[in-house]
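In terms of the UniProt record's numbering, the sequence shown opens at residue 1 and continues consecutively.
By construction, the Cβ of each residue, glycine as well, lies at the ideal position given by its N, Cα and C atoms.
None of the values given here were measured: they were computed from a predicted structure.
Notes follow the structure.
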Amino acid sequence: MYSSFYWFSVDKGTKNTEHFLYSRKTDLYMDLLQRNHQLLLKGINCTFLRYLHARIEWEDRLIGIFGSRGVGKTTLLLQHIKLKFEDSREALYVNLDDFWFETHSLTDAVKEFLQAGGHYLFLDEIHFYSGWMEEVSTLLDANSALKIVFATTSLYSQTEVRNGLRHEAAFYTMHPMSFREFLSYESILDKDPIPLEDILANHHDLVKEINAEMNIVPIYRNYLEHGCYPFYWQDPDMYYFRLQELVRKEICRDLPSVVSISMSNLERAQKYFMMVAESAPLRPKSIDVTRKINMLRQQSDSLLRFFHDMRLIYYSADQLGTTPAKQKVFMGDTNLLISFFGDKENRQLMCETYFLSQMRSVANVEFMVNGDFLIGGKYIFAVGDPLRGYDRLRFVPDAYAAIYGLPKSVFNRMPAWILGFSY
1 MYSSFYWFSV DKGTKNTEHF LYSRKTDLYM DLLQRNHQLL LKGINCTFLR YLHARIEWED
61 RLIGIFGSRG VGKTTLLLQH IKLKFEDSRE ALYVNLDDFW FETHSLTDAV KEFLQAGGHY
121 LFLDEIHFYS GWMEEVSTLL DANSALKIVF ATTSLYSQTE VRNGLRHEAA FYTMHPMSFR
181 EFLSYESILD KDPIPLEDIL ANHHDLVKEI NAEMNIVPIY RNYLEHGCYP FYWQDPDMYY
241 FRLQELVRKE ICRDLPSVVS ISMSNLERAQ KYFMMVAESA PLRPKSIDVT RKINMLRQQS
301 DSLLRFFHDM RLIYYSADQL GTTPAKQKVF MGDTNLLISF FGDKENRQLM CETYFLSQMR
361 SVANVEFMVN GDFLIGGKYI FAVGDPLRGY DRLRFVPDAY AAIYGLPKSV FNRMPAWILG
421 FSY
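Here it is in structure tokens:
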């Protein structure tokens with residue numbers, strides 16, 4: 001039944017007919033949204049849940065989930081809907097990257113949703129909807145029973161979004177799968193996250209315990225190659241191509257939805273990203289960037305920050321005592337490193353990239369002048385190849401070595417893979 005009825009008069013017939021047709025189109029689209037919602041739920045498997053599902057306080061009135069493409073934000077939303085609401089019309093999943101919203105407002109959709117008895121709205125790709133912060137705030141002001149969960153790009157500053165919303169909100173960041181999650185996803189080992197402090201205090205026993213259960217080395221290599229994103233098994237042969245396409249969409253679609261950038265600079269951004277991938281772990285030389293893509297230093301600085309926020313790379317502008325030519329830039333994870341760089345035999349680079357991808361999810365990471373890493377402002381880590389010398393850290397307080405291929409923990413040295421249990 002339509003939410004608006006048809007009436008006709010001689011004086012207002014045309015206007016009222018247009019109103020009826022508009023209402024009918026809105027109703028038809030809401031039916032389409034509901035059908036799409038149900039079809040998506042049918043394809044969702046809830047056997048494996050990401051770490052974030054248990055951490056979110058789902059009853060909060062306004063929830064924001066930030067993260068890069070491919071990490072599983074959409075799946076997380078749909079899994080929660082399926083587990084909590086099943087076939088109930090109380091909840092609705094809406095992707096804001098939909099042509100309908102080119103000529104209709106979110107308010108139109110929410111009005112119909114509420115009239116049909118809905119209360120829980122799950123808004124995906126919300127960054128593609130212009131003025132969404134103001135409209136979401138207005139909707140919550142006008143509808144006391146409405147609850148909203150939105151998912152968006154990690155490009156946004158959470159402080160900026162919090163200031164743009166007139167309501168208190170709970171924010172969460174979704175990261176690529178940790179090594180611990182990969183083991184659970186593959187039904188190899190189901191273990192709760194271990195706080196970093198506990199790993200450092202007990203790494204000898206933890207490593208010994210896990211080694212007693214399995215040969216961890218080949219499993220760890222599998223993770224480094226294809227374990228960071230849960231869609232690998234959908235089509236293993238196309239995995240790296242799909243990763244590259246996700247990066248292209250992040251740069252060409254997500255970036256201009258948040259940042260004002262011209263088409264010509266978008267093309268330069270793609271080329272610069274390839275230069276970064278090829279030069280890792282060092283920043284591309286400014287003279288090469290200027291010569292090849294005609295980009296100034298200030299522009300490349302901005303792009304590095306954007307790439308970092310999108311989690312395509314790990315970069316810190318605050319590398320004290322380091323000239324720009326010697327600044328470190330790492331790919332966001334080992335799967336991206338292999339996808340764009342293709343070299344999985346460089347143990348030093350693979351280990352450092354893995355270390356950063358796990359640690360940035362639980363603590364602040366700083367680059368030290370000597371090549372070590374400072375974690376959470378407290379713990380010093382030397383990371384990498386087993387052939388490097390690590391004795392210099394043996395008696396340094398709160399200093400450790402995370403080593404690629406190390407079979408067991410020795411003193412303050414540990415296999416790098418154990419740090420993947422931190423989330």
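- About 4 Å separates the beta carbons of M414 and H203, which is inside the 8 Å limit, making them a contact pair.
- By the criterion of at least three beta-carbon pairs nearer than 8 Å, the region 154-168 is not in contact with the region 42-51.
- Residue pairing by DSSP puts N95 in a beta bridge opposite D124.
- Per the C-alpha coordinates, the member of F341, I199, Y390 positioned closest to Y240 is F341.
- Taking the Cα of D141 as reference, the smallest distance to any Cα among S130, Y29, E168, R268 is reached at E168.
- One Cα belongs to A363, the other to A116, and the distance between them is close to 44 Å.
- In the structure shown, G420 falls within a helical segment according to DSSP collapsed to helix, strand and coil.
- When R394, G384, T173 are compared, the shortest CA-CA separation from N346 is found for G384.
- Contact between P281 and E352 holds, with the beta-carbon distance rounding to 7 Å and staying under 8 Å.
- Non-local C-beta neighbours of K408 in its own chain, meaning closer than 6 Å and more than five positions away in sequence, comprise V207, ordered along the chain.
- When secondary structure is reduced to three states using DSSP, R413 falls in the strand class.
- If you look at G164, you'll find it isn't in any beta strand (DSSP E); it sits in the alpha helix (DSSP H) that goes 158-164.
- In the structure shown, M295 adopts coil according to DSSP, grouped into three states.
- Under DSSP, the beta-bridge partners assigned to E366 are L374.
- The region 205-223 and the region 177-191 touch, with three or more beta-carbon pairs separated by less than 8 Å.
- Counting along the chain, T107 sits inside the alpha helix (DSSP H) bounded by residues 106-115.
- Spanning the alpha carbons of D333 and L28 requires a straight line of approximately 43 Å.
- One thing to note: L183 has its Cβ no nearer than 8 Å to the Cβ of I148.
- Membership of F341 in the alpha helix (DSSP H) is indicated by the continuous run 334-341.
- For G405, DSSP assigns no beta-bridge partner whatsoever.
- The alpha-carbon of I216 is positioned some 47 Å away from that of S264.
- The Cβ neighbour count for N294, taken over all protein chains shown within 10 Å, is under 16; the residue is labelled exposed.
- Judged by pairs of C-beta atoms under 8 Å, the region 241-260 touches the region 123-140, as three or more such pairs exist.
- Partner residues in the beta bridge of T173, as assigned by DSSP, are F66.
- Measuring C-alpha to C-alpha distances from D108 to each of R89, L139, H37, A91 identifies L139 as the nearest.
- L282 has K328 as its beta-bridge partners, per DSSP.
- Taking C-beta separations shorter than 6 Å and ignoring five residues to either side along the sequence, the partners of D60 in its chain run A170, following chain order.
- With 16 or more neighbouring CB atoms inside 10 Å of its own CB, S422 falls in the buried class.
- Around L165, the same chain offers L62, M133, V136, S137 as residues with beta carbons nearer than 8 Å, after the five sequence neighbours per side are excluded.
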